[in-house]
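Participant: Have a look at this one.
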Amino acid sequence: MKKIFTLGILIIQSIVLRAQTNDAVVRKIADQIIKESVLGFRGVDNQQFYAASKDIPANVKVKYATPYTGWHYTHGVLNMAMINLGKLLNEPKYTDFAAQHVAFGFNNQEVFKQRFKNDVKHYTYPYGEFFTMEELDDFGAMSASLIDVYQTVKKPEYKAYLEKAAKHLTEDRARLNDGTFVRAFPHKMTLWADDLYMSVPFLARMGKLTGDGKYFDDAVTQVINFNKYLWDKEREIYWHVYYSDLNRNGVAHWGRCNGWIMLATIHLLDNLPTNHSKRTEIIRLLERQILGVAKYQNADGLWHQVLDKPDSYTESSCTAMFVYGTAHAVNNGWIDKRYASIAKTGWEGLKKHKINELGQLKDICVGTGIQDNLPFYYNRPVGLNEKHGTGPLIDAGVEILRLEKMGK
Numbered sequence: 001m002k003k004i005f006t007l008g009i010l011i012i013q014s015i016v017l018r019a020q021t022n023d024a025v026v027r028k029i030a031d032q033i034i035k036e037s038v039l040g041f042r043g044v045d046n047q048q049f050y051a052a053s054k055d056i057p058a059n060v061k062v063k064y065a066t067p068y069t070g071w072h073y074t075h076g077v078l079n080m081a082m083i084n085l086g087k088l089l090n091e092p093k094y095t096d097f098a099a100q101h102v103a104f105g106f107n108n109q110e111v112f113k114q115r116f117k118n119d120v121k122h123y124t125y126p127y128g129e130f131f132t133m134e135e136l137d138d139f140g141a142m143s144a145s146l147i148d149v150y151q152t153v154k155k156p157e158y159k160a161y162l163e164k165a166a167k168h169l170t171e172d173r174a175r176l177n178d179g180t181f182v183r184a185f186p187h188k189m190t191l192w193a194d195d196l197y198m199s200v201p202f203l204a205r206m207g208k209l210t211g212d213g214k215y216f217d218d219a220v221t222q223v224i225n226f227n228k229y230l231w232d233k234e235r236e237i238y239w240h241v242y243y244s245d246l247n248r249n250g251v252a253h254w255g256r257c258n259g260w261i262m263l264a265t266i267h268l269l270d271n272l273p274t275n276h277s278k279r280t281e282i283i284r285l286l287e288r289q290i291l292g293v294a295k296y297q298n299a300d301g302l303w304h305q306v307l308d309k310p311d312s313y314t315e316s317s318c319t320a321m322f323v324y325g326t327a328h329a330v331n332n333g334w335i336d337k338r339y340a341s342i343a344k345t346g347w348e349g350l351k352k353h354k355i356n357e358l359g360q361l362k363d364i365c366v367g368t369g370i371q372d373n374l375p376f377y378y379n380r381p382v383g384l385n386e387k388h389g390t391g392p393l394i395d396a397g398v399e400i401l402r403l404e405k406m407g408k
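Quick note on full-length UniProt numbering: the sequence shown kicks off at 1 and runs consecutively.
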């Protein structure tokens, strides 16, 4: 009886959500994130809240007060999405969200830098990523979002950070001989699909910010090379990883890594000069991917955790990414408008099955590394409004609203 009652409540909630306008749904999603966000820290043992790092006693270990505080690539994704929403709706509270998040990081990181210098791994204490830049995850997407914030908040410390990050990205990161970004762990010189997003949006924005074509050319090189190493011609989707030492791919066509590639390509095209010699090729690669992933969309409009494995669970973050990428490509005239139906069906699937009455997104795969067995991907846990999915969901909503306004 309890299960029947719960199912009935869920069905009613789904009907109520679908009856709302898309504008109302997108606002609810973003407003819920703002409601859940608290900038601050909380003691690991004493559970005390600290509004600023300067208030934390030297012997007290802390964590972020909420998952939406921090300097992780997921925060960069969310910041950029909030800015996009604020511009579309002309509502400062959404763009202010990103500006406040960035300012909090700059105002609080120095305490941790001094207190924990050479003490523990950078990812085990707040803002370790800010000053170590140990991996692309640590600074690429956040730097891209910082450029968006910098358009209206011209602080010299922001510019200095961007220059430092750009120098580190272009001069210090590990690459294959052909210039492709690779990781040092868990195997050296390993190419992860995720890293296209961790690098290209920042590179493309630096090109636009500085007018220096080297950033555009590097971004284009990454997109073309990642396609070379990761595209599965038979299945028409991407592998998650390429092992340069073995000269072969991994085992999984993971949903979200395919989403990262689509988003990175979109960000490049948004910033790449219209007369760039490789622009047409980049659009062709994007269209190829959109048509490829469309083959794996299920009857509810959703995509699976492992794209070509329909017995894996339906996963919300990759679905949101494909909705966003497809709708954005249609809205900008990069692909034919008839493919808008892919995005619309995906959005309706999210509203019906994955977004609850509060505007929270269900079934978001948590952070995921690489493994050489499919069960690893099948069994990754999921979270509610987990930070890997909220930014893409807002971006998906923004593009659906643009589709509506353009009558597509």
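Cβ atoms here follow ideal geometry from the backbone N, Cα and C, with glycine treated the same way.
The structure presented is a predicted model; accordingly, all values stated were derived computationally and were not measured.
Use the C-beta contact count for residue 81: other C-beta atoms within 10 angstroms, 16 or more gives buried, fewer gives exposed.
Facilitator: Counting Cβ neighbours within 10 Å, residue 81 comes out buried, since at least 16 surround it.
Participant: Rounded to whole angstroms, what's the CA-CA distance from residue 320 to residue 76? Just pull it up for me.
Facilitator: Their backbone Cα atoms lie some 16 angstroms apart in a straight line.
Participant: Identify every residue that forms a DSSP beta bridge with residue 268.
Facilitator: Paired residue(s): none; residue 268 is not in a bridge.
Participant: According to the Cβ coordinates, are residue 200 and residue 237 closer than 9 angstroms?
Facilitator: No.
Participant: CB-CB under 7 angstroms to residue 106, same chain, minus the five flanking residues each way: which ones, in chain order?
Facilitator: Within the same chain, residue 106 has close Cβ partners 157.
Participant: Using the Cα positions of residue 59 and residue 137, report the straight-line distance between them to the nearest angstrom.
Facilitator: Cα-Cα distance, rounded: 29 angstroms.
Participant: Any idea what DSSP makes of residue 84, helix, strand or coil?
Facilitator: It is helical.
Participant: Considering Cα atoms alone, identify which of 112, 368, 407, 354 is closest to residue 25.
Facilitator: Residue 25 has its Cα closest to that of 354, out of 112, 368, 407, 354.
Participant: Quick one: give me the first and last residue of the alpha helix (DSSP H) that residue 43 is part of.
Facilitator: Where residue 43 is concerned, there is no enclosing alpha helix (DSSP H), although the beta strand (DSSP E) it sits in stretches over 41-43.
Participant: Buried or exposed, going by whether 16 or more other CB atoms sit within 10 Å of the CB of residue 202?
Facilitator: Buried, by the Cβ-count rule.
Participant: Using the beta-carbon count (16 or more within 10 Å), is residue 49 buried or exposed?
Facilitator: Answer is exposed; the Cβ neighbour count stays below 16.
Participant: Quick one: Cα of residue 188 to Cα of residue 182, how far?
Facilitator: If I take the Cα positions, the gap works out to 8 angstroms.
Participant: Cα separation between residue 364 and residue 385?
Facilitator: Rounded to whole angstroms, residue 364 to residue 385 spans 7 angstroms at the Cα level.
Participant: Taking Cβ to Cβ, would you say residue 325 is nearer than 9 angstroms to residue 263?
Facilitator: The answer is yes: Cβ separation under 9 angstroms.
Participant: Excluding the five sequence neighbours on either side, which residues of its own chain have a C-beta within less than 8 angstroms of the C-beta of residue 491, listed in chain order?
Facilitator: Nothing about residue 491 can be read from this structure; the chain reaches only from 1 to 408.
Participant: Identify the residues that DSSP records as bridge partners of residue 232: which are they?
Facilitator: For residue 232, which the question treats as bridged, DSSP gives the partners 237.
Participant: What three-state label does DSSP hand residue 355 in the structure shown?
Facilitator: The answer is strand: DSSP assigns residue 355 an E or B state.
Participant: Using CA atoms only, rank isn't needed, just tell me which of 152, 36, 249 is closest to residue 226.
Facilitator: Residue 226 has its Cα closest to that of 249, out of 152, 36, 249.
Participant: Do you know how far the Cα of residue 336 is from the Cα of residue 279?
Facilitator: If I take the Cα positions, the gap works out to 17 angstroms.
Participant: Using a threshold of 9 angstroms, state whether the C-beta atoms of residue 246 and residue 191 are closer than that.
Facilitator: Cβ distance not < 9 angstroms, so residue 246 and residue 191 don't count as in contact.
Participant: Helix, strand or coil, according to DSSP, for residue 382 in the structure here?
Facilitator: In the structure shown, residue 382 sits in a strand (DSSP, three-state: E or B).
Participant: Measuring straight from C-alpha to C-alpha, what distance separates residue 150 and residue 290?
Facilitator: Rounded to whole angstroms, residue 150 to residue 290 spans 32 angstroms at the Cα level.
Participant: Among the residues of its own chain, which have a CB less than 7 angstroms from the CB of residue 271, if the five just before and after it don't count?
Facilitator: For residue 271, where only same-chain residues beyond five positions count, the Cβ hits under 7 angstroms are 204, 205, 207, 208.
Participant: Taking all protein chains shown into account, do 16 or more other C-beta atoms lie within 10 angstroms of the C-beta of residue 380, making it buried, or fewer, making it exposed?
Facilitator: Flag for residue 380 reads buried.
Participant: Do residue 315 and residue 251 count as a contact pair if the criterion is CB distance below 9 angstroms?
Facilitator: Cβ atoms of residue 251 and residue 315: not closer than 9 angstroms.
Participant: Note down, in chain order, each residue of its chain lying with its Cβ closer than 7 angstroms to the Cβ of residue 74, except the 5 sequence neighbours on either side.
Facilitator: The answer, listed in chain order, is 387, 388, 391.
Participant: In angstroms, rounded to a whole number, what distance separates the CA positions of residue 361 and residue 328?
Facilitator: So the two alpha carbons sit approximately 21 angstroms from each other.
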